[in-house]
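Numbering (our numbering), first residue to last: 52 to 278.
As structure tokens, then:
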């Protein structure tokens, strides 16, 4: 049974989420403030996934996410946000989040996102590492280096870069990337999210993000990694 830490202060939403999660085989712990969430996470509990509201009485889910990532780079994190503005998406990615869902949302959509993230965290990499040009991916530590310089990547950015590098030279359709990194059914993915990830990756790996040499867009089709 997967354990989930839910950070939310809306009592009516908590009741519905807790009931739905338990009915679908998950074991949720509830925190109503960021302080309570820190206490639960820092305790003896092991969580398989975090659901974080953005606006809380004593802080934000973004701040908590940054705090968690300093201690655990792998646990999947989904933001529950009242806004789908790109600024919030970018802030969530920068703090280390993997996905976001905009309120109000359908419970089936949330469950699909949760299952997709849990599937990805259980996938094993085929080897200990991969060298692609000046890029090295350390699969055992989930870390990346470019020209021997560590890249500060979120977990989702690392998975996207790994997928592209493992298929170096091939043009990967956007649909395939979304299928492998988000929701297998493809029903609940905001296509704009992938564009944001690509742009953030370019800012970290390209000398000139506006004229990329490695992470190439093939218009009307997808993306390609050139070593």
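All residues carry an ideal CB built from backbone N, CA and C; glycine is no exception.
If you look at residue 202, you'll find it isn't in any beta strand (DSSP E); DSSP assigns it neither H nor E. By the C-beta density criterion, residue 269 is exposed, having fewer than 16 other C-beta atoms within 10 angstroms. For the pair residue 122 and residue 96, the CB atoms are not nearer than the 8 angstroms cut-off. Distances from the alpha-carbon of residue 76 to those of 99, 93, 254 put 99 closest.
When the five nearest sequence neighbours on each side are left out, the beta carbons in the same chain lying within less than 8 angstroms of the beta carbon of residue 255 are those of 202, 203, 204, 208, in order along the chain. Taking a cut-off of 8 angstroms for Cβ pairs, the segment 158-173 and the segment 245-263 do not touch, as fewer than three such pairs fall below it. Listed in chain order, the non-local C-beta contacts of residue 61 below 8 angstroms within the same chain comprise 104, local neighbours out to five positions each way being set aside. Annotation: the continuous beta strand (DSSP E) that includes residue 151 extends over 150-153. Non-local C-beta neighbours of residue 180 in its own chain, meaning closer than 8 angstroms and more than five positions away in sequence, comprise 187, 188, 189, 190, 191, ordered along the chain. The shortest CA-to-CA distance from residue 147 to any of 129, 185, 82, 225 is the one to 129. Under the three-state reduction of DSSP output, residue 113 falls in the helix class.
Around the Cβ of residue 138, a 10 Å sphere holds fewer than 16 other Cβ atoms; the residue is exposed.
The criterion of a C-beta distance shorter than 8 angstroms is not satisfied by residue 222 and residue 184.
Contact between residue 56 and residue 86 fails: their C-beta atoms lie close to 13 angstroms from each other, not under 8 angstroms. Here residue 132 is not near residue 111, since their CB atoms are 8 angstroms or more apart.
For residue 70, the uninterrupted alpha helix (DSSP H) run begins and ends at 62-74, by DSSP.
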